[in-house]
Amino acid sequence: MTNRQVAQQLYLSPHTVDAHLRRVFAKLGVRNRADLARACAARGSAGGSSVA
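Have a look at this one:
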């Protein structure tokens, strides 16, 4: 999904989605969504289960 698509689904601005993603990327030391997916898989966090 693009930032615009995520924003539409969550009723946020694309800028807000971009800002949150940049913070997540910085916190995990990744540069893009592909790196983020690899980092999550390595940590065992990409299982697709929902968070309550």
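Mapped onto full-length UniProt numbering, the consecutive letters of the sequence shown carry residue numbers 1 to 52.
Ideal placement from N, C-alpha and C gives every residue a C-beta, glycine not left out.
Bounding residues of the alpha helix (DSSP H) (the contiguous stretch that carries residue i)
{"i": "threonine 16", "result": "14-28"}
{"i": "arginine 31", "result": "Taken as a continuous stretch (DSSP letters only), arginine 31 belongs to no alpha helix (DSSP H), as it is neither H nor E."}
Rounded straight-line distance, which links the Cα of residue j to that of residue i
{"i": "leucine 12", "j": "methionine 1", "result": "14 angstroms"}
{"i": "histidine 15", "j": "arginine 23", "result": "12 angstroms"}
{"i": "arginine 43", "j": "alanine 37", "result": "10 angstroms"}
{"i": "asparagine 32", "j": "glutamine 8", "result": "21 angstroms"}
{"i": "glycine 29", "j": "leucine 21", "result": "12 angstroms"}
is_contact[residue i, chain D] using C-beta, thresh 7 angstroms
{"i": "glutamine 8", "result": "This model lacks chain D altogether; it includes just one protein chain."}
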